[in-house]
Structures are given as structure tokens and as C-alpha cells.
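Below: one structure, written as C-alpha cells.
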Amino acid sequence: MNIATKKWIMLKISSIILIPLMLWFVLNFVSIYDKSFEEILNFFSKSTSRFLFSLFIIFSFFFSALSISEVFEDYISENNLKNVANKILYLSAIIFPMITIIIIFRLN
Amino acid sequence: MENKNPLSPHLQIYRWHVSSLVSFSHRVTGIINFISVIFVCIWASLLILGESNYILINHMLDSIFGKFIILGFTWSFSFQILSEIRHLIMDMGYGFEIKTTRISGLLVIFGSILLTIIIFILGKNLF
Numbered sequence: 010m011n012i013a014t015k016k017w018i019m020l021k022i023s024s025i026i027l028i029p030l031m032l033w034f035v036l037n038f039v040s041i042y043d044k045s046f047e048e049i050l051n052f053f054s055k056s057t058s059r060f061l062f063s064l065f066i067i068f069s070f071f072f073s074a075l076s077i078s079e080v081f082e083d084y085i086s087e088n089n090l091k092n093v094a095n096k097i098l099y100l101s102a103i104i105f106p107m108i109t110i111i112i113i114f115r116l117n
Numbered sequence: 155m156e157n158k159n160p161l162s163p164h165l166q167i168y169r170w171h172v173s174s175l176v177s178f179s180h181r182v183t184g185i186i187n188f189i190s191v192i193f194v195c196i197w198a199s200l201l202i203l204g205e206s207n208y209i210l211i212n213h214m215l216d217s218i219f220g221k222f223i224i225l226g227f228t229w230s231f232s233f234q235i236l237s238e239i240r241h242l243i244m245d246m247g248y249g250f251e252i253k254t255t256r257i258s259g260l261l262v263i264f265g266s267i268l269l270t271i272i273i274f275i276l277g278k279n280l281f
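Chain order of the listed sequences is G and U. The working numbering puts the first residue of the first sequence at 10, with every later residue one more than the last. The working numbering puts the first residue of the second sequence at 155, with every later residue one more than the last.
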């Protein structure tokens with residue numbers, strides 16, 4: 010299978026998973042963002058919230074990395090610049106969710 | 155090394171229509187959502203520093219500027235949700251007629267505004 014086809018299939022699978030997760034997250038974020046520290050901590054202490062939030066950030070970063078790399082492909086002609094941009098993008102898509110999930114699971 | 159692949163044509167070359175507006179907005183909201191999720195990660199991670207540090211970001215989010223950011227962020231996610239559903243339907247081979255693409259594009263644009271309002275009504279328990 011062509012690498013571009015594989016990338017397209019991964020993009021579509023992550024999109025199907027991400028749609029309900031985005032809806033769940035935005036609804037919950039709008040209801041808690043201005044709440045007190047204890048209430049937000051209480052939200053993240055629930056195992057369902059932790060699990061869904063972790064899934065949401067993993068798939069968000071995965072989907073964003075794949076789709077933004079397409080934007081780089083379309084608008085950046087210089088190969089070295091495109092490679093650097095893609096490396097920064099993929100690295101941030103690993104580091105940000107990893108650190109956040111570790112912190113979320115350490116919250117009491 | 156210069157890539158020989160053709161790049162996307164400049165946005166000023168073609169006349170704007172609903173499909174191009176939705177396509178362009180889909181890419182822009184995709185980048186906005188990527189930045190938003192980074193901020194969400196920082197927001198969630200700040201909880202570990204305790205209440206006194208968290209209160210700073212809480213004040214920012216509770217200000218007029220913060221509420222405007224949250225509203226924009228909600229619209230951006232709403233747009234992506236509807237636009238992705240449109241893409242998935244098109245991937246299945248439906249909705250390629252010019253009239254249908256215009257209608258589905260308009261549904262994404264106006265639907266995203268409606269979905270933002272619905273999310274705020276449900277999220278804030280305004281019923």
C-alpha cells in the first residue's frame with residue numbers, strides 16, 4: 010500500500026474516533042472552564058473523564074499532525090524547511106499528550 | 155533542495171465560492187484547534203501546581219478576553235466536527251454535485267454557529 014494511502018486511512022480512522030470525543034470535550038470544557046480549582050480537580054479525578062480526556066488529546070494531536078503535515082506539503086516548497094517543520098510537529102504531537110496524561114493521572 | 159511537486163495555487167487566483175471558503179476554513183480551524191489543544195494541555199497541567207498558581211489562569215479565562223477565546227475555540231471545534239462529517243460523507247462518494255456541495259458547505263458554516271450556541275446552552279445549563 011502506498012504511504013499516502015496509509016496516511017489517508019489513518020486520517021479517516023482518527024477523524025471518526027475524534028468527532029464524538031471533540032463534542033464530549035467541548036461540552037465539558039464549556040461547563041467547567043470558569044469553575045473553582047476544586048471543581049476542575051474533581052472533574053479530572055473521575056476515571057471516565059481522565060480516560061476520555063486522554064483519548065481526546067492523543068487523537069487530537071495525531072489527527073492534527075497528519076492534517077497539518079498535508080498543509081506543509083501543499084505550501085512549503087523547500088524540502089529542508091518542510092522536514093524541520095514536520096519533525097517539530099510530530100515531536101510536539103508526542104511530547105504534549107504524554108506529559109499531560111502523566112500529570113492528569115498524578116492528580117489527586 | 156527545491157521540491158519539484160506543484161504547490162497549491164495562491165488563494166487570490168480563483169474566485170471565492172462556498173466550497174473554497176469551507177476548505178480554507180477547515181485548514182485554518184485545524185491549525186487553531188492544534189494550538190487550542192496545546193493550551194488545553196497547559197491548562198490541565200497547571201492543576202498540579204496547586205490552587206494559588208491555577209488562580210492566575212482562572213482569572214484570565216473568566217475575563218471578557220478569556221470568554222471571547224473560549225467562544226472562538228468552541229466555534230472552531232464545532233466547525234471541524236461538521237466539516238469532518240461532510241468530508242466523511244464525500245469520502246463515501248456522496249454530495250459531489252455543485253448544488254449539493256454548496257448546500258452542505260452552507261450547512262457547515264451556519265451549522266457551526268448553531269452548534270456553538272447549543273454547546274453553550276447545554277454546557278452552561280441555560281435551560
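For each residue, glycine too, the CB sits at the ideal point set by N, CA and C. These numbers come from a predicted model, not from an experiment.
For this session: Using a Cβ cut-off of 7 Å, pull out every chain G residue sitting near Tyr-208 of chain U, in sequence order please.
Result: By 1-based counting over the second sequence, the position of residue 208 of chain U is 54. Those within 7 Å of Tyr-208 of chain U in chain G are Phe-46.
Exercise. Got a sec? Which residues, its chain only, sit under 6 Å from Thr-255 of chain U by beta carbon, not counting five neighbours each side?
Worked result: Here residue 255 of chain U refers to the residue found at position 101 of the second sequence. Around Thr-255 of chain U: Ser-173.
Exercise. What separation, rounded to the nearest whole angstrom, lies between the Cα atoms of Ile-186 of chain U and Ser-73 of chain G?
Worked result: Taking the second sequence and counting its residues from 1, one reaches residue 186 of chain U at position 32. Taking the first sequence and counting its residues from 1, one reaches residue 73 of chain G at position 64. Cα to Cα, Ile-186 of chain U sits roughly 10 Å from Ser-73 of chain G.
For this session: Within its chain, find whatever has a CB closer than 7 Å to the CB of Tyr-168 of chain U; leave out the 5 residues flanking it on each side and keep chain order.
Result: Counted from its first residue, the second sequence places residue 168 of chain U at position 14. Excluding residues within five positions, the ones whose Cβ falls inside 7 Å are Ser-174.
Exercise. So, is the C-beta of Phe-60 of chain G closer than 9 Å to a C-beta in chain U?
Worked result: The count along the first sequence starts at 1 and reaches residue 60 of chain G at position 51. By this cut-off, Phe-60 of chain G is not an interface position.
Exercise. Anyone know if the C-beta pair for Leu-32 of chain G and Ser-76 of chain G falls short of 9 Å?
Worked result: Locating residue 32 of chain G in the first sequence gives position 23, where the first residue counts as 1. Locating residue 76 of chain G in the first sequence gives position 67, where the first residue counts as 1. Cβ atoms of Leu-32 of chain G and Ser-76 of chain G: not closer than 9 Å.
For this session: Go to Gly-205 of chain U, then tell me how far its alpha helix (DSSP H) extends in each direction, as first and last residue.
Result: Position 51 of the second sequence holds residue 205 of chain U. In the sequence under discussion, the amino acid at residue 205 of chain U is Glu, which differs from the Gly named in the question. Per DSSP, Glu-205 of chain U belongs to the alpha helix (DSSP H) from 205-216.
Exercise. Between the C-alpha atoms of Phe-274 of chain U and Leu-268 of chain U, what's the straight-line distance to the nearest angstrom?
Worked result: Numbered from 1 along the second sequence, position 120 holds the residue referred to as residue 274 of chain U. Numbered from 1 along the second sequence, position 114 holds the residue referred to as residue 268 of chain U. In a straight line, the C-alpha of Phe-274 of chain U is about 10 Å away from that of Leu-268 of chain U.
Exercise. Within this structure, are the beta carbons of Leu-276 of chain U and Leu-50 of chain G separated by less than 9 Å?
Worked result: Taking the first residue of the second sequence as position 1, residue 276 of chain U is located at position 122. Taking the first residue of the first sequence as position 1, residue 50 of chain G is located at position 41. Their beta carbons are not under 9 Å apart, which means Leu-276 of chain U does not touch Leu-50 of chain G by this criterion.
Exercise. Of all the CB atoms in chain U, is at least one closer than 9 Å to the CB of Ile-103 of chain G?
Worked result: As a working mapping, residue 103 of chain G is identified with position 94 in the first sequence. Not closer than 9 Å to any Cβ of chain U, the Cβ of Ile-103 of chain G fails to qualify, so no.
Problem set entry | Own chain, CB closer than 7 Å to Ile-26 of chain G, minus 5 neighbours either side, in chain order | Looking up residue 26 of chain G in the first sequence gives position 17. Within the same chain, Ile-26 of chain G has close Cβ partners Phe-68.
Exercise. Can a CB atom of chain U be found closer than 9 Å to the CB of Met-31 of chain G?
Worked result: In the first sequence, the residue the question calls residue 31 of chain G occupies position 22. Yes, Met-31 of chain G counts as interfacial toward chain U.
For this session: Rank U:Lys-253, U:Ser-179, U:Ile-189 by C-alpha distance to the C-alpha of Ser-101 of chain G and give the top, closest one.
Result: Within the first sequence, residue 101 of chain G is the residue found at index 92, counting from 1. Ranking U:Lys-253, U:Ser-179, U:Ile-189 by Cα distance to Ser-101 of chain G puts U:Ile-189 first.
Problem set entry | Buried versus exposed call for Ser-45 of chain G [16 or more other C-beta atoms within 10 Å across all chains shown] | Against the first sequence, residue 45 of chain G aligns to sequence position 36. Counting Cβ neighbours within 10 Å, Ser-45 of chain G comes out exposed, since fewer than 16 surround it.
Exercise. Who are the near neighbours of Phe-70 of chain G in its chain, counting only those whose CB is closer than 7 Å to its CB and skipping five residues on each side?
Worked result: Here residue 70 of chain G refers to the residue found at position 61 when the first sequence is read from its first residue. Around Phe-70 of chain G: Ala-102, Phe-105, Pro-106.
Exercise. Does the beta carbon of Gly-234 of chain U come closer than 9 Å to any beta carbon on chain G?
Worked result: Position 80 of the second sequence, counting from 1, holds the residue named residue 234 of chain U. What sits at residue 234 of chain U in the sequence shown is Gln, not Gly. Interface residue, yes.
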